[in-house]
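Notes for the one structure printed next.
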């Protein structure tokens, strides 16, 4: 299967220091508060090359997004591969989408750049484009609401 040849790049300026944005992206208890409206479980030992899994309820069956942690440089880069059980795609490398978050800070602001690539289908591309438009705004709202 050939991958859908587009990628998604988004940038967001958040009025919070890098440390707060990084925690929201990588601390499971915080991730759960902005990533989904339902209870999710994040499973990772936060080591490059190791599994990265997000799972939770989805109608009667549930879902499991599995992948590998590709990069983890605290307060700078967080990247992982992603294959959702909901896609029903074969578990082969070319069916994994790659997400990369890059953080740069200046004063008490953080620039977050998200690059998403390798979409196995157009439907998956459209899902990611929609989901991350909403999720990044949820992330921003969550981070600025956290008290010091």
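In the working numbering, the protein residues as written are 224 to 371.
Think of the CB as a built atom: it goes at the ideal place given N, C-alpha and C, for glycine as much as any other residue.
Just so you know, these numbers come straight off a predicted model, no measurement behind them.
| Query | Result |
| --- | --- |
| Whole-angstrom distance between residue 291 and residue 302, CA atom to CA atom | 9 Å |
| N- and C-terminal bounds of the beta strand (DSSP E) containing residue 232 | 231–237 |
| With 16 other Cβ atoms within 10 Å as the buried cut-off, status of residue 237 | buried |
| Same chain only: Cβ atoms within 7 Å of residue 225, ignoring 5 sequence neighbours per side | Any reading at residue 225 is ruled out, since the residue's pLDDT is 48, under 50, leaving its predicted position unreliable. |
| Any non-hydrogen atom of the ligand NAD within 7 Å of residue 244 CB | Judged by which ligands are present, the structure shown has none, so any question about the ligand NAD falls away. |
| Run of the alpha helix (DSSP H) containing residue 299, from where it starts to where it stops | Run containing residue 299: none; DSSP gives neither H nor E here. |
| Contact under 8 Å by Cβ, residue 239 with residue 357 | no |
| Sequence-distant residues of its chain with Cβ nearer than 6 Å to residue 250 (five each side left out) | none |
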